[in-house]
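>
Protein chains in written order, with the working numbering: chain E, 28 to 229; chain X, 681 to 905.
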């Protein structure tokens, strides 16, 4: 802003007659007085009280309408989170999606049960359990020795009832389960182990 | 033939053979390639005879497959199948003599399986007659369990029949035998073990149910694959 000549201030304050000023300063004083006149003539700004009160008195509507308005209106949603927590949340979500659940075992029928076969065969390369439930074929139910401690095991779904079975070690040695507790003659000069499977639901 | 049809046939044929009881052409198809050729005709003839007699045939097919898997000579396989057919007939006769409706294939197989454990037919008949409303398999196996541990057969039958009369049914009868065997393992004599279990009836412990972990780990065998 340019500074006004002090003589203009004196004229505007009534301390100096206008005529004492040079003509260019007189023109400035006249412009200023016209502007002041315009400001005095401008209408006074209206009060904001009225519109605010009107807005406050407007009925709020039902809870459902307000909820609908809130849901359909636009809002800025901000989640403030430390980066380390956002990484943790991402890891948890990835684990839920990618890691297989262990609760998805076989669905058991009303007349089915669980049979667990366990045998101690140190040094064996393979152990299978065979019986009518495998058509006496090897390779259908291989036992596993995950710890290499010679203890081989398998858990199998079988129909409830009595089942004869034998272990086949290394594909050639047929052995009746020494822990079975029940045995029957197989008609070929040996004994089969006998397992009685209970329905799992009982 | 389209690949899908071939796959369906491969899946359905062994399944159908099992569900169909193994009789007739199905039995022959299941034996072919596994049972020595020299035994197949005789085994097939025994299976057909059993089928004509309304006997279960699947145990006979299984006996032939078992013999072949164990590398038994053809003659031995046929003998074993014939002996098993006789056991099935004996089991059915026993069930028919005890009265009631005609026995099912499952009942016949169950009684035959218990009798193969060495139960004399008169003893088995006594159990079946004493428990006319019971499926006979579990009671027979319970008596066989006791006899297998040196209990006198008559005393074993008495205990199982007593257990049934106080309300124990089906596989719970096996728990009675197990309880008596546990008494033996704790040092009781056979007489003491029987008396102790009889006093406790009907309170004999049940075996634990499979854990969720066991159920989740369990696999279903697919012998036809």
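Using N, Cα and C, we set each Cβ at its ideal position, and we do this for glycine too.
1) Any beta carbon of chain X sitting closer than 8 Å to that of residue 164 of chain E?
2) Let's test the definition: count the other Cβ atoms within 10 Å of the Cβ of residue 706 of chain X and tell me whether it reaches 16, buried, or not, exposed.
3) Going by the DSSP bridge assignment, what does residue 634 of chain X pair with across the sheet?
4) Nearer than 7 Å: is that true of the beta carbon of residue 56 of chain E relative to any heavy atom of the ligand NAD?
5) When the Cα of residue 738 of chain X is compared with those of X/873, X/901, X/710, which residue comes out closest?
6) Which residues share a DSSP beta bridge with residue 188 of chain E?
7) Residue 854 of chain X versus chain E: which residues are under 9 Å apart at the beta carbon?
8) Only counting the same chain, and skipping five residues up and downstream in sequence, which positions put a Cβ closer than 7 Å to that of residue 836 of chain X?
9) In terms of DSSP beta bridges, what is residue 200 of chain E paired with?
10) Starting from residue 140 of chain E, trace the beta strand (DSSP E) both ways and give me its first and last residue.
11) Can you give the Cα-Cα distance for residue 791 of chain X and residue 203 of chain E, rounded to whole angstroms?
12) Restricting to Cα atoms, I'd like to know which of X/803, X/855, X/742 is closest to residue 832 of chain X.
13) Could you tell me whether the Cβ of residue 129 of chain E comes closer than 8 Å to any Cβ of chain X?
14) Among residues of its own chain, excluding the 5 on either side of residue 130 of chain E, which ones have a beta-carbon nearer than 6 Å to its beta-carbon?
15) Is the segment 724-744 of chain X touching the segment 765-773 of chain X, taking contact as three or more C-beta pairs under 8 Å?
16) Would you be able to state if there are at least three C-beta pairs under 8 Å between the segment 132-149 of chain E and the segment 219-227 of chain E?
17) For a contact defined as C-beta to C-beta under 8 Å, what are the partners of residue 713 of chain X on chain E?
18) For residue 179 of chain E, list the residues DSSP reports as bridge partners.
19) Against residue 828 of chain X, what residues of chain E qualify as contacts under a CB-to-CB distance less than 9 Å, listed in chain order?
20) Please confirm if residue 755 of chain X has its CB atom under 8 Å from at least one CB of chain E.
21) Can you pull the chain X neighbours of residue 2 of chain E, defined as C-beta to C-beta under 7 Å?
22) Consult DSSP for residue 715 of chain X and reduce its assignment to one of helix, strand or coil.
Based on what the coordinates show:
1) yes
2) buried
3) It is not possible to answer for residue 634 of chain X, since the shown part of chain X is limited to 681 through 905.
4) Among the ligands in the structure shown, none appear at all, so the ligand NAD cannot be discussed.
5) X/710
6) E/224
7) 223, 225
8) 823, 826, 827
9) E/196
10) 139-147
11) 22 Å
12) X/803
13) Because the pLDDT at residue 129 of chain E is just 45, under 50, the model does not fix this residue reliably, and the value given afterwards should be weighed accordingly. Closer than 8 Å: yes.
14) Low confidence applies here, because residue 130 of chain E scores a pLDDT of 45, under 50, leaving its location unreliable; read the following figure in that light. Nothing meets the Cβ criterion.
15) yes
16) yes
17) Neighbours of residue 713 of chain X on chain E: none; closest Cβ ~12 Å, over 8 Å.
18) E/146
19) 208, 209, 210
20) no
21) Not covered by the structure: residue 2 of chain E. The range shown for chain E is 28 to 229.
22) coil
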